[in-house]
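S.K.: One structure is given below, represented as structure tokens, and several questions about it will come after.
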Amino acid sequence: MIPHIANENLDAVRSELSDANLRFAANSLEGGVVACTGNSGCKFAASNTKAHAIDLARFLDESVFLEEPINLHLTGCPHSCAQHYIGDIGLQAVKVKVGDETVEGYNVAVGGGVDDLQGIAKELFKGVPFEKTRPLLKNILERYLENRTEGERFVAFNRRYKVSALVELYALPGMEANIAIAN
Ligand code: SF4
Numbered sequence: 031m032i033p034h035i036a037n038e039n040l041d042a043v044r045s046e047l048s049d050a051n052l053r054f055a056a057n058s059l060e061g062g063v064v065a066c067t068g069n070s071g072c073k074f075a076a077s078n079t080k081a082h083a084i085d086l087a088r089f090l091d092e093s094v095f096l097e098e099p100i101n102l103h104l105t106g107c108p109h110s111c112a113q114h115y116i117g118d119i120g121l122q123a124v125k126v127k128v129g130d131e132t133v134e135g136y137n138v139a140v141g142g143g144v145d146d147l148q149g150i151a152k153e154l155f156k157g158v159p160f161e162k163t164r165p166l167l168k169n170i171l172e173r174y175l176e177n178r179t180e181g182e183r184f185v186a187f188n189r190r191y192k193v194s195a196l197v198e199l200y201a202l203p204g205m206e207a208n209i210a211i212a213n
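Quick note: the sequence shown, position 98, residue 128 per this note's numbering, numbers continuous.
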């Protein structure tokens with residue numbers, strides 16, 4: 031955060047930031063992404079949360095048009111320093127077996143919130159390899175946009191349905207083996 035920039039200097043600051051390849055325009059997802067330290071600095075982490083957070087936010091911002099900000103929280107272990115259970119979309123890192131390999135992946139939850147919308151997110155999918163979180167989250171946002179009522183916010187949409195209905199709506203083909211139906 032760069033405080034106390036006079037209005038008359040804004041254009042010059044923007045130009046300097048762009049020249050330095052630094053982004054300053056936060057849009058719907060990139061502006062609301064939260065990630066814990068991850069495995070670049072914490073021994074508990076099961077994944078590189080910060081790199082994955084940037085990757086996912088940029089991919090989703092380029093892929094899906096949203097009028098409202100959606101918070102994406104990535105946390106590296108059950109300690110949940112990034113508070114994934116109160117994000118619109120919350121990812122908790124886990125190691126995932128894919129064939130003979132162990133890869134970085136996530137349990138995926140939706141529908142958390144704070145303040146007047148406070149509530150705990152519903153965990154929908156377990157053990158999703160990171161590579162699959164891109165298409166899965168894109169699908170989640172697209173199905174929400176298709177099926178919401180007029181003006182219905184993401185958090186309200188996800189609270190309207192039971193976990194089993196959300197899993198059915200959001201699952202990618204072939205994901206059934208990873209789903210956890212809690213209610
Ligand atoms: S959530 Fe876990 S991995 Fe992430 S910073 Fe906290 S303790 Fe470390």
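Cβ atoms here follow ideal geometry from the backbone N, Cα and C, with glycine treated the same way.
Under a Cβ-count criterion, where at least 16 other Cβ atoms within 10 Å of its own Cβ denotes burial, should N137 be classed as buried or exposed?
M.R.: To locate residue 137, count along the sequence shown from 1; it is residue 107. Buried, since its Cβ has 16 or more Cβ neighbours within 10 Å.
S.K.: I need the boundaries of the alpha helix (DSSP H) containing L104, first residue and last residue.
M.R.: Stepping through the sequence shown from its first residue, residue 104 is reached at position 74. Looking at the DSSP string, L104 is not in any alpha helix (DSSP H); the run it does join, the beta strand (DSSP E), is 102 to 105.
S.K.: What's the call for L176, buried or exposed, on a 16-neighbour Cβ count within 10 Å?
M.R.: Here residue 176 refers to the residue found at position 146 when the sequence shown is read from its first residue. Correcting the residue identity first, residue 176 is Glu in this sequence and not Leu. Looking at its Cβ environment, which holds fewer than 16 other Cβ atoms inside 10 Å, E176 is exposed.
S.K.: Rounded to the nearest angstrom, what separates L171 and I35 at their Cα positions?
M.R.: On the sequence shown, residue 171 is found 141 positions in, with the first residue counted as 1. On the sequence shown, residue 35 is found 5 positions in, with the first residue counted as 1. Going by the C-alpha atoms only, they are around 35 Å apart.
S.K.: Taking 8 Å as the cut-off, is the beta-carbon of F6 closer than that to any non-hydrogen atom of the ligand SF4?
M.R.: With the chain covering only 31 through 213, there is no way to say anything about residue 6.
S.K.: Report the rounded CA-to-CA distance for K152 versus F54, giving the unit in angstroms.
M.R.: Numbered from its first residue, the sequence shown carries residue 152 at position 122. Numbered from its first residue, the sequence shown carries residue 54 at position 24. Spanning the two alpha carbons is a distance of roughly 32 Å.
S.K.: For the ligand SF4, is there a heavy atom less than 8 Å away from the beta-carbon of N78?
M.R.: Counting from 1 along the sequence shown, the entry for residue 78 is found at position 48. Not so, every heavy atom of the ligand SF4 lies at least 8 Å from the Cβ.
S.K.: Go to V144, then tell me how far its alpha helix (DSSP H) extends in each direction, as first and last residue.
M.R.: Locating residue 144 in the sequence shown gives position 114, where the first residue counts as 1. It is not in any alpha helix (DSSP H) - V144 carries neither H nor E in the DSSP assignment.
S.K.: Report the three-state DSSP secondary structure of N39 (helix, strand or coil).
M.R.: For the purposes of this step, residue 39 is identified with residue 9 of the sequence shown, where counting begins at 1. Residue state, collapsed to three classes: helix.
S.K.: Would DSSP call Y191 helix, strand or coil?
M.R.: What you label residue 191 is simply residue 161 of the sequence shown in a count that begins at 1. Correct three-state label for Y191: coil.
S.K.: Going by CA-CA distance only, name the one from G117, N57, G181, V128 that's closest to L102.
M.R.: Here residue 102 is taken as the residue at index 72 of the sequence shown, counted from 1. Among G117, N57, G181, V128, the Cα nearest to that of L102 is on G117.
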